[in-house]
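S.K.:
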């Protein structure tokens, strides 16, 4: 990455984002998912800006979360600080993009962490889970 440029500017230069200007808004919080690769356990953390939560050896802090003003569902980018209690200093500090988690991934042998979305007042993401009652009667769709 080119020093001195923000993540969005570096992505524009790399051809991964369009160059048009887009206004971003700061969210009060964000939704983060973690995975323990050893046990297969996963969980979602709803964090407010500046809040941290611990799971296993990890402490995940949401420093900021922002989203496009005109389309909250389009993208979320969150600044996270992640500490492993068995190591010195943070194991990750930086921006993660919800749509491209591998672009700025945490490199950890046991845990994965990624951003799902920002918490935007008045916005609810579409529910993608199937209703079990709709399929339990034995009849087809």
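Numbering (the working numbering), first residue to last: 13 to 153.
In this text, a Cβ means the ideal position worked out from N, Cα and C, and glycines have one as well.
Keep in mind it's a predicted model, so treat the numbers as computed, not measured.
1) Pick helix, strand or coil for residue 135, following the three-state DSSP scheme.
2) Jot down the residue ranges of each uninterrupted beta strand (DSSP E) in the segment 58-91, minimum 3 residues, whole runs only, in chain order.
3) On a Cα-Cα basis, can you pick out the residue from 67, 115, 50, 107 that is closest to residue 76?
4) Please list, in chain order, all residues of the same chain as residue 134 whose beta carbon is under 6 Å from its beta carbon, the five residues on each side excluded.
5) Assign residue 113 to one of three DSSP states: helix, strand, or coil.
6) Tell me, please, whether the CB atom of residue 113 is closer than 7 Å to any CB atom in chain B?
7) If you reduce the DSSP assignment to three classes, tell me which class residue 53 lands in.
M.R.: Quick answer:
1) The three-state secondary structure of residue 135, taken from DSSP, is coil.
2) Counting whole runs of 3 or more residues, the segment 58-91 contains the beta strand (DSSP E) stretches 64-67, 70-80.
3) Closest by alpha carbon: 107.
4) Once the five neighbours on either side are set aside, residue 134 has no close Cβ partner at all.
5) Correct three-state label for residue 113: coil.
6) The question asks about chain B, but that chain is absent: this structure has only one protein chain.
7) Coil, per DSSP.
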